[in-house]
Amino acid sequence: MILGILFYLLGWLIFATYSIGAMALGWLPVPYAPLRVPLMCGAIAYVGGALYCFRAIYLNKCVHKRWDPDWHIWYFIRPITSTIAGAVSFLFLKAGLLVLESSSKADASEIGFFALAFIAGFNVDKFVAKIEEVAKAVWGIDKSRSAKTLAGEPTPPPSGTSTPSKTP
2 MILGILFYLL GWLIFATYSI GAMALGWLPV PYAPLRVPLM CGAIAYVGGA
52 LYCFRAIYLN KCVHKRWDPD WHIWYFIRPI TSTIAGAVSF LFLKAGLLVL
102 ESSSKADASE IGFFALAFIA GFNVDKFVAK IEEVAKAVWG IDKSRSAKTL
152 AGEPTPPPSG TSTPSKTP
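Each position in the sequence shown, counted from 1, maps to that position plus 1 in this note's numbering.
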């Protein structure tokens, strides 16, 4: 199965790298030209996610000798979440909810978009935590239940369920 995971990650990495190059060279069809930067953000985030997965394979299989088949699905899903996080990073930067620099130079801002997309893809957990902080500050939306669980905060039961009452 490890070879299947490696081929999966490598195949999509080749596709993402080719896509980045093609979009950078202007090979994107004209109707899709306005989507060049967000698409590149998604592809660059995939590269970050793939790097994270390759590193996890190396560490868990070779260094620590703790390869666990229960985690196989993670190696397939993680790059997808990385790609989504990269595309979302573009959205939050474009909306001005995340700020990278004080000046607005066209080339510099694209590089900033791409750098944040890579980081978002490489470290999805921290990126999602940052987005939840922004959502809390801007709209007053509380953290998700999974974020509270990871942070060790108590979480109420899901809506529609009740906790048993203690009767004396």
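Built from N, CA and C at the ideal position, the CB exists for glycine as well.
By the three-class DSSP mapping on this structure, what secondary structure does residue i have?
{"i": "Pro158", "result": "Here Pro158 scores only 48 on pLDDT, less than 50, and its place in the model should not be relied on; the value that follows carries that caveat. Three-state DSSP puts Pro158 in coil, outside helix and strand."}
{"i": "Gly122", "result": "helix"}
{"i": "Asp69", "result": "coil"}
{"i": "Ser83", "result": "helix"}
{"i": "Ser145", "result": "coil"}
{"i": "Gly27", "result": "coil"}
{"i": "Ala136", "result": "helix"}
Please work out which residues of its chain come closer than 7 Å, Cβ to Cβ, to residue i, disregarding the five sequence neighbours upstream and downstream, and give them in chain order.
{"i": "Leu52", "result": "Phe123"}
{"i": "Ala136", "result": "Ile142"}
{"i": "Phe91", "result": "Val38, Pro39, Cys42, Phe114 and Ala118"}
In angstroms, rounded to a whole number, what distance separates the CA positions of residue i and residue j?
{"i": "Leu14", "j": "Ile6", "result": "12 Å"}
{"i": "Val100", "j": "Ala25", "result": "23 Å"}
Would you mind giving the Cβ-Cβ distance between residue i and residue j, rounded to the nearest angstrom? I have them listed as a contact below 8 Å.
{"i": "Ser20", "j": "Ala46", "result": "The pair is not a contact, with the Cβ atoms about 12 Å apart (cut-off 8 Å)."}
Do residue j and residue i have their beta-carbon atoms positioned less than 8 Å apart in this structure?
{"i": "Cys54", "j": "Pro80", "result": "yes"}
{"i": "His73", "j": "Met2", "result": "yes"}
{"i": "Gly50", "j": "Ile120", "result": "no"}
{"i": "Ser83", "j": "Val125", "result": "yes"}
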